[in-house]
Structures are given as C-alpha cells and as structure tokens.
Amino acid sequence: MDNYYQSFLIKYAEIGIKGKNRHLFEEALVRQIKFALKKVAGSFSVRRTSGRIYVDAQTDFDYDDTVMALKSVFGIAGICPVVSMADEGFSELSNFVVKFLNDVYHPDAKKPLSFKVAARRSRKDYPLDSMELNAKLGAVILESFPSMRVDVHKPDIMLHVEIREKINLYSEIIPGPGGMPVGTNGKAMLLLSGGIDSPVAGYMIAKRGVKIDAVYFHAPPYTSERAKQKVIDLARIISRYTGPIYLNIINFTDIQLYIYDQCPHEELTIIMRRYMMRIAEQIANQTECLGLITGESIGQVASQTLKSLAATNEATSLPVYRPLIGFDKMEIVSLAGQIGTYETSIQPYEDCCTIFVAKHPVTKPNPKRILRSETRLAERIEGLVENAVSGRELVIVRELEET
Amino acid sequence: MEVYLDNSATTKCFPEVAELMKKIMLEEYGNSSSLHKKGLEAESYLRYAKDIIARNLKINEKELVFTSGGTEANNLALVGCAFANARTGRHLITTKIEHPAVEQTMKYLEQEGFRVTYLPVSKNGVISLTDLKKAINHDTILVSIMHTNNEIGSLQPIAEAGLLIKELNPQIIFHVDAVQGFGKCQIFPNRMNIDLLTVSGHKIHGPKGVGFLYAEEKVKIHPISFGGNQQRGLRSGTLNVPGIAGMAKAIEINYQNMAKNIEKLNELKSYFAAGLKGLPETTINSPLDEKGASHIINASFAGIKSEVLLHALEAKNIFVSAGSACSAGKANHQSATLKAIGLNKGEIESAIRFSFSYYTEMEELSYTLQTMYDIIPMLRKYVKR
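Line by line, the protein sequences are chains D and X. Under the numbering used here, the first residue of the first sequence carries the number 1, and numbering increases by one thereafter. Under the numbering used here, the first residue of the second sequence carries the number 1001, and numbering increases by one thereafter.
Next up, the structure:
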C-alpha cells in the first residue's frame, strides 16, 4: 500500500496543562498509542519530542485502520497526518508546499478553494518569523494556483507549516476522543449489565484516564448463557478504548432466591442492588479498585429515584461514580451508538430475571425498613456472599479474540 | 450424561456423512460443471445423490433441485410457482401452523398481490379436509401444507389432501414442506399427488446448508435467483457437492433403518409421555395417537417460563427447545402454532419442545424425567408474584 502520509502528529489537550506530572501523562499516552497500534497491519515508531508525539510508519501500513485505532485512544485531541522535509532553504519549502497542495487538493479553476497559512517557528534561528512565512508562502500559493484565494476566517484549507528540526506540513486535524490516557487515574470497578447504560458509564470514566475492571451478576437458570456472552461482547467493545478488562462473573442465583424467600417483594430490587454493591466492593478491595461505577441516571426506573439511589449507595463505603446521572435516555442511547455498544445492548436476551421484579416496586424506600428487612437474611447471607465472591469466574476480555 | 433433545432444531451428523464430506472436500473437490476429470469425479457424487433420493422417493431424478436448505426450497416452490402461474389464478392456500419459511413467504406473496387462505387447525394441530375443500376455488393455483409440524409434531392428512385437491382441480399445484417428516415416515410424491416437496439435510443427521426441492416435471416454476444456469436454470450457483453427497449418505442410512427406528421412536415417545403425565400441572400439547409424529413432544409446565426451565435443564446437560428454535430467543415471540391449537398465554409461555432422534436412548429420557421431577417444584416456588 502506498500512503501519501507516513507520519501522524498527535495533539493532546488536557495533558498539556498537567504541570510537573506532565511527563507521566505523556508516557502513558505513548504507551496507549503503541498498544492501540498493535492491532494495525504495519509497524510504527512512536516518539515524544519537545511537547509533541509523532507516530511514524516504519513499513507499509493501512491508513484507515491506523486512524481508527488512534481515534480510540483517550488523551488524543487530534490526529494530523503530516508530511515532512528537511530544511533546505525557502525556495525548496515553497516547492514543497505547492507540491503538497497539488497532491492533496488538486486545485483547479472548477473548484475554487480558500486557504490560510498558519506557520509556526519553534526554531528561532530560522531566518523568517511566523508572520513573514505566512505572507511569503501565501504569495507563492496565490501565484501557483490562480483559482485559490485567501480567507483568514473560514478557510477551506488551513495549511499548518511547522519549522522544527524538520519542517512539517499538515492541513487536516482528525478529532480524537479527548480525555486522558487510561491508567493515569487509577482503577475502578464497573457494574456491567447487558443494558444500554452501564457500558456507556464505563466508557465515560475510562475516558478520564481510569482503568476499568468489571463485575457482572449472572443468575442461571433465570438468565441465559447468551446473556452472559452479550456482557462479554459489550466488555470487548469497551476494551477497544480501555485495553484489556478483567470481568468478574458472579453467580447471583442463590442470593437472589434467598432474598426472594425472606424479604418483602416490593423491596426485592433495592435489596438485590445493595448486595450487588457489597459484592462489587469486596472484589474492588481485593483488586485495588478505588471506586465503583454504575450506569444509573436519576429517575429512570424505580430503583433510580433519589431515595432509591441513597438506599443503594448506603450499602458501600467506596465512592460510586455515576457519570450518566443527569443524562436523558436519548442522550445515553446516542452515546452508546457513537461508542458502538448500542446494537449489542439491545439484543433481546432476557437479563437479570424479570420474575424477580415486583409488580409495584418501592420508589421511596425507607432506609430503616430496608435494614429491618435485611436482618431477616442474617442466617445465611454472609456465607452466600462469601461463596459468590470466592466462586467468581474471571474472564480477561481483550479486543482481539484469541482462537 | 449429555442429553440432546432438540433434534427438531438440528441433529448430530452421522460419522459416515462427515467422513464422506471430508474426503470430497480434501480430495475430490472439483466443480461438477468442469469438463476435466476432477469435474467428473464431483459429478459422480451428484449422480449418487440423485440416485439415492430418486429410489427412495420413487421419483425421476430429473425432478430434483438441490438448494441451500429447507428455507430456500420453500421459497423456490412458493414464489417460483406463484409467479409462473399467476396468469392462471392468484389464490393460494396454506395452514396457520406453517414454519416461518412458508408463512413469511406467503406474507410476501400477499404483498405481491396474491390472496392467501390460512386453514385453521383442531386442538390436535390438524387441518380439516372439509375446510380445505371449502377454501379451494376457481382462482386457486397452489396449496401448501406441511407434513409434520415443527413445534408439536402433528401430522397432516397429506395423501387425503392430495387426492381431494386433484379431484377438484388437477391443475392446482400441491406443495408439501416435509422438513420435519422426511426420513421418519414413508413419503411417495407420486402416490400422494404431491407436486413439490421440500426436504432439508440437517434434520436427518446430514450437514447444514443443503436441502432439495422435488418438483414434478410438468410444474411451471420461475427461478428466484439467477446466474450460471445450473440445475436447468432453476437454481443457479455451483453445486454444493460435499453437502449434497453428505445429505444423500444420511438419507441412505435413514432409509436402511427406517422401520426399526420408527418403532424405537414410538417406544421412546410413549415412555416419555407417560412420565410427563406423572408431573403435576403439566399438559401435553402434542397429539399422542397416530396424528402425532413419533419424535416430537411439546408440553406446558404451568407457572414456569419456558426459558427458565430450558436453562435449568441445560445446567443438568439436557438440551431442549422453548418454542421452535427458529423463533426462540426473539423477545415477545408468541408461537403461531401454539396459538392456533388454542393454548392460552400461560400455556404458550411455559411450553417446551422435546424432540428425539435415532441416537436418543431410553436412559437419557429417564434421566430427563428424573431431573424434571427434582427441579420443577423448586422452580415453581419462584414465580412472579
């Protein structure tokens, strides 16, 4: 494959302002970029020089796959395909710019294009300063392409010219996902179900640099193997952005049946969720996760009213991160679509046991009553929870399935 | 013990079938249309397959069209015939309990301007000949009736229907979807006045992705896909030689042992039915007399959602079906067949299909019954309140 561009300049936004820790963030970003590029055909070198990250192709590579891979790396604000040349004087630079415009845009009279030159000079010994470069290169372009004109406000082509050790040219900035490189902000435990919300919640927290582990509550025979496979599939989609995910699968059936036997039915969901939190907390503590993540959003269902959320929250002493708390369902659906989890989430395998949902669940649970109900579980619950935690199945989910 | 009781969804391949296919794929892999020796080798397998099928069905081998399976054969039969005969008439007749491959094709033909009568069935899942007779009119060009229902195993009066149709109007084309019945009953298209017959390979221990349509020589059919004009232009596309040969091998083995096997299946069915009757609040939805196939029993277990029982049995290595596999797994699906035989919502939602094969053993059924005796009381305890 013959690609016009052999390098990419990676722009990052927030890392740039991270003071003394900046190099840690940059190193993490380089690591994540290298990791993401592993799945792309071709070999690359990723280098960090004076506040910039460059990805250089060492061999033939698949351009589209490379851009796709880079677009999934948190911390990247923009991906600029660049061409570079050695500094051999202004007239060589002029020829280079004309050739670049010719190659990339094929300007002719039928397609009048506007442009702006944005030069930057980080090597201050270069004989022309930025303003002079802008003016002189602009003149060269106007002369070579009579159909083109200057527009400094909304140009069709924003031609960036960067004078460094080498000279870089680029005119396209492909937006990246933003955020911060995964792993720069510790690790948290995602309560992952087969629904639309929790994968999105995991994505959003990971985007802030947090590494994700996950826990899924499985209740055979009330939930099927397909429902479990669906959760693994969802974790795999998120792992495209987050790297490998340790997915803990808990067999929740015995706990659920015990709660069903002992507690008032309208409180089943709340009590169940409280035990899910407790179990997730236990695993989080064992695996150095610093918080829990859920896909809850206020008022979406009976268990997500403020009172219900408070009752659920009380069951754990870890911070619970709920990035979707103020989102409408439609907003979450749209995010799920962008991330790529929506189609999988809406597959209709019955999940977490509709038979355990009361016809009229409480929307305003009374904390004291809930506690009193839970005392009825005293006899066996500790052992059941212990069994569930110690008997959990661990699946390490990676983007590329090993066969 | 692993107990596979979902043989109406698909069956395990006979080892002889798999071996023959492996040999063809690795050694005699030619295209049967090629002029050289490799092509000839492949063609000899087609001749073998046609010969086996023609001999067992007592038909002419020119009347066979190989397809990718039952669905394609049904589509070719119905769509191909309806369009080829649209100038004669635009009325079609079928039943309310057909497999989606017929039902949905009929729905498509309705959109294309054909009129379709859907015959009701009795509580046993059988159509009445009187209804059929009443439905036929001067505009009728095709009648499609399944041989064995895929969900409850009811057998339709095919020979009688064939006779009735041809007495009323010999021009009416009679199609029979025999995907579930083939290999478990003798079917002779000529004696039964069947013009078109659909068969699939993987329900009789053959491979998936292959089937055939028997099409009586004089029946007009338009092709529904186009290409290199293989198979008299009725079904273009390179022939699936390993699949066709594998299916033929499976047919050969089925027919060699048919009488003995039917006897065994009948014993299994009586035994299993007796066991089910001993379970509280269980109703059998399949006909247990001669109106029911020997390899399918459908039953409802009041109060237990079929998916839950299915997964509970799965945990004990017993594999059954909730509804029919083709539609199971889709949310809010309600079986048209179970509705048509008059079951209520609760009975439909708790229906399980057990389907046997020649590999099914008595001990497996007794293990299954024992398991159900053990787990059903526990499952009944936890129902939606």
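Here a beta-carbon is modelled for each residue, glycine too, at the ideal position from N, C-alpha and C.
Secondary structure, alpha helix (DSSP H): runs of 4+ residues fully inside the segment 1189-1262 of chain X: Fully enclosed alpha helix (DSSP H) runs of no fewer than 4 residues occupy 1241-1256 of the segment 1189-1262 of chain X, in order along the chain.
D:Y260: contacting residues in chain X (beta-carbon distance under 8 Å): Here the neighbours are Y1382.
Can you give me the C-alpha to C-alpha distance between D:P367 and D:M180, rounded to a whole angstrom? It is roughly 38 Å from the alpha-carbon of D:P367 to the alpha-carbon of D:M180.
How would you list, in chain order, the residues of chain X whose beta-carbon sits under 9 Å from the beta-carbon of D:S224? E1307, L1310, H1311, E1314, G1329, listed in chain order.
Excluding the 5 residues preceding and the 5 following X:A1089 in the sequence, name in chain order all residues of the same chain whose CB lies nearer than 8 Å to its CB. For the record, residue 1089 of chain X in the displayed sequence is Gly; it is not Ala. Cβ within range, chain order: H1138, D1139, T1140, I1141.
Would you kindly work out how many angstroms separate the C-alpha atoms of D:V140 and D:H23, rounded to a whole number? Cα to Cα, D:V140 sits roughly 40 Å from D:H23.
Assuming contact is defined by CB atoms lying nearer than 9 Å, are X:I1136 and X:V1126 in contact in what I supplied? Not closer than 9 Å, so no.
Interface partners of D:L257 on chain X, CB under 8 Å: Correct list: Y1382.
In the DSSP assignment, find the alpha helix (DSSP H) that holds D:P367 and state where it starts and stops. Start and end: 367-375.
Is any beta-carbon of chain D found at less than 9 Å from that of X:L1005? Not closer than 9 Å to any Cβ of chain D, the Cβ of X:L1005 fails to qualify, so no.
Among X:G1233, X:K1058, X:T1094, X:Q1180, the one whose alpha carbon lies nearest that of X:K1190: Sequence inspection shows Asn at residue 1190 of chain X; the Lys mentioned does not correspond to that position. Residue X:K1058 is the option with its Cα nearest to X:N1190.
Inter-residue Cα distance where the pair is D:S334 and D:A206: Near 18 Å, if we compare the C-alpha coordinates of D:A206 and D:S334.
Give me the Cα-Cα distance between X:I1172 and X:L1279, rounded to the nearest whole angstrom. Linking X:I1172 to X:L1279 through their CA atoms gives a straight-line distance of about 47 Å.
Between the C-alpha atoms of X:G1039 and X:Q1231, what's the straight-line distance to the nearest angstrom? Approximately 15 Å, taken between the alpha carbons.
Looking at the unbroken beta strand (DSSP E) that takes in X:F1354, where does it start and where does it end? Unbroken beta strand (DSSP E) run through X:F1354: 1351-1355.
Please list the residues of the segment 197-221 of chain D that have a C-beta atom closer than 8 Å to any C-beta atom in chain X, keeping them in chain order. Listed by position along the chain: P220, P221.
Would the beta-carbon of X:V1179 fall within 9 Å of that of X:L1196? Not in contact: X:V1179 and X:L1196 (Cβ atoms no closer than 9 Å).
For the beta strand (DSSP E) that D:L37 lies in, which residues bound it at each end? Counted as a single uninterrupted DSSP element, the stretch harbouring D:L37 is not any beta strand (DSSP E) but the alpha helix (DSSP H) occupying residues 22-37.
Check whether the segment 21-35 of chain D and the segment 68-79 of chain D touch, using three or more Cβ-Cβ pairs below 8 Å as the test. Under the three-pair Cβ rule at 8 Å, the segment 21-35 of chain D counts as touching the segment 68-79 of chain D.
Determine whether the beta carbon atoms of X:N1254 and X:Y1358 lie at a separation below 9 Å. With contacts defined as CB atoms closer than 9 Å, X:N1254 and X:Y1358 qualify as a contacting pair.
Using a beta-carbon distance below 9 Å, is D:F252 in contact with chain X? Closer than 9 Å: no.
Return the CA-CA distance between X:S1324 and X:Y1004, expressed in angstroms with no decimal places. Because the pLDDT at X:S1324 is just 48, under 50, the model does not fix this residue reliably, and the value given afterwards should be weighed accordingly. Note on geometry: alpha-carbon atoms of X:S1324 and X:Y1004 lie some 15 Å from one another.
Find the nearest neighbour of D:D60 within the set D:S72, D:A69, D:A41, D:L70, judged by alpha-carbon distance. Measuring C-alpha to C-alpha distances from D:D60 to each of D:S72, D:A69, D:A41, D:L70 identifies D:A41 as the nearest.
Rounded to the nearest angstrom, what separates D:E399 and X:T1117 at their Cα positions? So the two alpha carbons sit approximately 51 Å from each other.
I want to know whether the segment 283-298 of chain D touches the segment 184-192 of chain D - three or more CB-CB distances under 8 Å. Counting Cβ pairs under 8 Å, three or more are found: they touch.
In chain order, what residues of the same chain have a beta carbon less than 6 Å from the beta carbon of X:E1002, not counting five sequence neighbours either side? So the list reads N1317, once near-sequence residues are dropped.
Less than 9 Å between CB atoms is the rule here; does D:F356 satisfy it with respect to chain X? Cβ-Cβ to chain X under 9 Å: yes for D:F356.
Between X:F1301 and X:I1376, how many whole angstroms is the CB-CB distance? I'm expecting something under 8 Å. Contact flag correct, Cβ pair sits at about 6 Å.
Within 10 Å of its beta-carbon, does X:H1202 have 16 or more other beta-carbons around it, so buried, or fewer, so exposed? Around the Cβ of X:H1202, a 10 Å sphere holds 16 or more other Cβ atoms; the residue is buried.
Measure from the C-beta of X:L1379 to each C-beta in chain D and report whether the shortest distance is under 9 Å. Yes - at least one Cβ of chain D is within 9 Å of the one on X:L1379.
Quick check: what's the CA-CA separation for D:R274 versus D:P177? So the two alpha carbons sit approximately 34 Å from each other.
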